[in-house]
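Please read the structure below before turning to the comments.
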Amino acid sequence: MATEAFEEIAETFDFLDDWEDRYRHLIDMGKAMPPLDDAFKVPATKVNGCASQVWLVPHRDDGLFRFEGDSDAMIVRGLIAVLAALYNDLPVDEVAKVDARAELGRLGLNEHLSAQRSNGVRAMVERIGQFAAE
Amino acid sequence: MFDIDAVRADFPILSREVNGKPLVYLDNGASAQKPQVVIDAITQAYSQEYSNVHRGLHYLSNLATDKYESVRGTIAKFLHIADEDQIILNSGTTEGINMVAYSWAMPRMQAGDEIVLSIMEHHANIVPWHFLRERQGVVIKWVDCDANGDLDPQAVIDAIGPKTKLVAVTHVSNVLGTVVDVKAITEGAHAKGVPVLVDGSQAAVHMPVDVDDIGCDFYAITGHKLYGPSGSGAIFVRKERLAEMRPFMGGGDMIREVTRDEVTWNDPPMKFEAGTPGIVQTIGLGVALDYMMGLGMENIAAHERTLRDYARDRLNGLNWVNVQGQSATKAAIFSLTLTGGAHAHDISTVLDKKGVAVRAGTHCAMPLMEHMGVGATCRASFGVYNTKAEVDVLIDALELCHELFG
Chain A
1 MATEAFEEIA ETFDFLDDWE DRYRHLIDMG KAMPPLDDAF KVPATKVNGC ASQVWLVPHR
61 DDGLFRFEGD SDAMIVRGLI AVLAALYNDL PVDEVAKVDA RAELGRLGLN EHLSAQRSNG
121 VRAMVERIGQ FAAE
Chain B
1 MFDIDAVRAD FPILSREVNG KPLVYLDNGA SAQKPQVVID AITQAYSQEY SNVHRGLHYL
61 SNLATDKYES VRGTIAKFLH IADEDQIILN SGTTEGINMV AYSWAMPRMQ AGDEIVLSIM
121 EHHANIVPWH FLRERQGVVI KWVDCDANGD LDPQAVIDAI GPKTKLVAVT HVSNVLGTVV
181 DVKAITEGAH AKGVPVLVDG SQAAVHMPVD VDDIGCDFYA ITGHKLYGPS GSGAIFVRKE
241 RLAEMRPFMG GGDMIREVTR DEVTWNDPPM KFEAGTPGIV QTIGLGVALD YMMGLGMENI
301 AAHERTLRDY ARDRLNGLNW VNVQGQSATK AAIFSLTLTG GAHAHDISTV LDKKGVAVRA
361 GTHCAMPLME HMGVGATCRA SFGVYNTKAE VDVLIDALEL CHELFG
């Protein structure tokens with residue numbers, strides 16, 4: 001079991017059987033996610049993707065991991081919302097235990113974790129892991 | 001007679017599906033697919049005719065050398081070059097231009113000397129010159145294209161000053177599709193005593209190229225865009241320039257004699273071909289060029305003009321699509337953005353789900369993207385095997401993007 005927030009997303013995705021509906025939902029999640037304050041869109045928070053720009057701001061609150069993120073691509077924003085549900089509010093030492101590939105696979109979105117550098121999701125997951133290990 | 005069905009049947013990959021949909025391959029500007037004859041030639045070379053080249057007296061070495069060396073003549077025929085000794089075989093345009101930067105430009109440029117570039121250059125025709133700027137104070141002078149993506153040859157010629165040592169321009173823009181009048185640029189530059197390098201990576205794929213007619217000093221091509229293997233390519237270097245060039249890489253093949261204290265060079269073009277080359281890749285390139293010449297470059301160009309006109313009409317009919325580059329004579333290359341929330345990354349992801357392969361990003365041409373005032377774009381670039389029906393699939397997929405992203 002992943003976080004409650006992620007399980008809710010997984011349940012919704014279970015109802016959506018074709019890719020178009022899943023992407024429609026993912027895009028809606030992206031549209032609904034609050035944007036990152038421009039003050040945080042600086043080189044230090046930028047994740048090196050190729051096709052789109054991605055920013056990620058991780059922090060610790062009372063031993064819990066949280067991050068905010070943003071992208072200029074709507075599908076990537078949706079994926080950030082999914083990752084937020086997957087990771088946010090986990091105890092920091094549990095972050096490394098999350099199998100992002102397997103969890104995204106449950107949503108049929110694991111293709112975004114492919115070796116391609118261009119979508120930045122893989123780089124985001126790596127950045128989250130690094131932060132939690134610090 | 002150009003038979004599109006027969007051409008499509010020559011490319012086995014076109015019959016596969018992607019994401020459950022028939023593949024619509026519109027990423028030819030990045031790299032083209034390979035016809036069966038090229039694939040067979042690679043298999044044949046490795047299974048029956050393989051050895052190192054230029055090095056042995058045995059049967060297979062002679063056979064491989066003959067096959068490999070004959071490609072020089074094929075390239076000369078393809079580019080209309082009278083003397084094939086002016087063709088240096090390499091791994092592609094990036095290597096070709098880097099070689100010119102190192103072998104020809106670097107030793108003859110002082111701080112303050114200039115290279116004139118168009119804003120439409122691919123990074124492969126920018127970064128080697130940035131090396132010279134960084135390392136020895138060479139100045140890069142940029143010539144902009146207009147809002148349509150057209151480049152005025154006179155503007156390039158006018159940018160040439162007393163300190164200009166080279167003009168380096170693309171023949172066809174990989175982003176906008178603009179066809180540059182490289183012959184007029186060469187005439188104007190030569191009148192001022194300045195050599196011209198032409199990046200032919202995109203042009204040689206889409207239209208007949210006559211290098212002797214253009215008159216330029218360097219013309220670079222890349223095999224993987226020409227329906228040939230990756231890691232193959234060539235650069236034409238005019239005899240006078242060859243004589244001025246120092247070797248680029250050192251190693252086997254490019255030397256005549258090596259002693260403890262001295263090296264003497266082989267004659268050009270071998271002088272610039274160090275080490276074991278991409279033997280089979282080059283043989284495959286020769287077969288790919290024969291394949292293109294068999295179809296006829298005029299026929300290929302005519303087919304792609306039809307596709308261009310059809311795609312242009314359909315794209316221009318959608319008021320939420322912005323096509324970058326509206327040059328009247330452009331190649332069938334369409335870089336586009338959508339009004340509203342869709343980023344190039346979003347578009348290409350949805351297109352991929354529909355089986356349509358395009359490139360998303362800045363297309364190794366960041367100065368041009370900045371000049372055009374766009375971030376990332378989606379690029380649909382057409383090739384010899386594409387059809388009007390595939391344009392329709394692209395348009396349908398774009399309509400879905402418009403609906404999804406608003």
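Residue numbers (full-length UniProt numbering), protein chains in the order written: chain A, 1 to 134; chain B, 1 to 406.
Ideal Cβ placement from N, Cα and C applies to all residues, glycine included.
The C-beta distance from B/Asp85 to B/Pro269 rounds to 6 Å, short enough to fall under 8 Å. The CB of A/Ala73 comes closer than 7 Å to the CB of His343, His345, Asp346 in chain B, given here in chain order.
Of the candidates A/Val121, A/Val92, A/Gln130, A/Phe40, A/Val121 places its Cα closest to the Cα of A/Asn48. Residues of the segment 345 to 365 of chain B that bring their beta carbon within less than 8 Å of a beta carbon in chain A comprise His345, Asp346, Ser348, Thr349, Val350, Lys353, Ala360, Gly361, in sequence order. If you ignore the 5 residues before and after B/Gly278, its C-beta comes within less than 7 Å of the C-beta of Ser91, Gly231, Ser232, all in its own chain and listed in chain order. In the three-state scheme derived from DSSP, where H, G and I count as helix and E and B as strand, B/Pro268 is classed as coil. B/His206 sits away from B/Phe2, with the two beta carbons spaced by 8 Å or more. Within the same chain, and ignoring the five residues on either side of A/Ala85 in sequence, the residues whose Cβ sits closer than 6 Å to its Cβ are Ala5, Phe6, Ile9.
Around the Cβ of B/Asp113, a 10 Å sphere holds 16 or more other Cβ atoms; the residue is buried.
Under the three-state reduction of DSSP output, B/Trp129 falls in the helix class. Going by C-alpha positions, B/Val391 is about 15 Å away from B/Ser348. The beta carbon of B/Met109 sits closer than 7 Å to the beta carbons of Leu132, Gln136, Val138, Lys165 from its chain, once the five residues preceding and following it are set aside; these are given in chain order. A Cβ-Cβ contact shorter than 8 Å links B/Leu117 with B/Ala168.
Between B/Ala32 and the set B/Ile42, B/Glu298, B/Thr65, B/Leu14, the nearest pair of CA atoms involves B/Leu14. Listed in chain order, the beta strand (DSSP E) elements of length 3 or more contained wholly in the UniProt domain "Fe-S metabolism associated" (11 to 129) of chain A are 54 to 61, 64 to 71.
In this structure, the beta-carbon distance from B/Leu176 to B/Ser381 does not fall below 8 Å.
Any Cβ of chain A closer than 8 Å to the Cβ of B/Leu338 would place that residue at the interface, and such an atom is absent. Assignment of B/Pro367 by DSSP, reduced to helix, strand and coil, places it in the helix class.
Straight across, the Cα-Cα distance linking B/His122 with B/Ala30 is about 12 Å. Runs of the alpha helix (DSSP H) spanning 4 or more residues and lying entirely within the segment 162 to 211 of chain B occur at 182 to 191, 203 to 206, in chain order. Under the Cβ criterion (8 Å, minimum of three pairs), the segment 337 to 347 of chain B counts as touching the segment 314 to 327 of chain B. In the assembly as shown, B/Lys77 is an exposed residue. Its beta-carbon has fewer than 16 other beta-carbons within 10 Å. Along the segment 20 to 36 of chain A, the positions whose C-beta sits under 8 Å from a C-beta of chain B are Glu20, Tyr23, Arg24, Ile27, Lys31, read in chain order. Put simply, the CB of A/Val95 is far from chain B, with every gap to its CB atoms at 8 Å or more. Any Cβ of chain B closer than 8 Å to the Cβ of A/Val121 would place that residue at the interface, and such an atom is absent. The residue among B/Val198, B/Leu63, B/Val7, B/Pro367 with its C-alpha nearest the C-alpha of B/Asp144 is B/Pro367. In the DSSP assignment, B/Ala331 falls outside any beta strand (DSSP E), carrying neither H nor E.
DSSP lists B/Asn90, B/Thr222 as the bridge partner or partners of B/Gly233.
At a beta-carbon threshold of 7 Å, the residues of chain B lying near A/Val76 are His345, ordered along the chain. Listed along the chain, the chain A residues whose CB falls inside 8 Å of the CB of B/Phe405 are Ile27, Met74.
In its chain, beyond the 5 residues on either side, Ser103, Trp104 have a beta carbon closer than 6 Å to the beta carbon of B/Met245. Contact between B/Arg379 and B/Ser335 holds, with the beta-carbon distance rounding to 5 Å and staying under 8 Å.
Shown here, B/Ile157 sits in a helix according to DSSP, grouped into three states. In the DSSP assignment, B/Lys21 is bridged to B/Val18. With respect to the C-alpha of B/Phe11, the residue from B/Val38, B/Tyr59, B/Leu351 having the closest C-alpha is B/Val38. Shown here is that no member of the segment 182 to 197 of chain B has a Cβ falling below 7 Å from a Cβ of chain A.
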